[in-house]
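This note's numbering applies: residue 26 is where the sequence shown begins, and numbers increase by one.
Note that the Cβ used here is the ideal one computed from N, Cα and C, for glycine as well.
Down below is the structure, laid out as structure tokens.
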Amino acid sequence: MSNLFQSPMLSSSMGELKVSMLRNRHQMLLQTNLLKENRLSDLKMLFF
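What follows is the structure in structure tokens.
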């Protein structure tokens with residue numbers, strides 16, 4: 026019985042972990058894209 030009660034909680038917590046990790050990764054990707062765009066705009070400012 027205890028296994029039945031424990032497994033749903035474990036799976037839900039794992040799901041929340043995965044979601045939070047995906048969110049963090051998405052934010053990191055957004056930040057790096059912004060940095061790249063800023064660098065590109067800086068290069069354009071220098072060259073054009």
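Using the C-alpha atoms, what's the distance from Leu60 back to Leu42? 27 Å
Distance check for Ser45 and Lys69, CA to CA, integer angstroms please. 36 Å
Spatial distance of Arg48 from Ser37 (CA atoms): 16 Å
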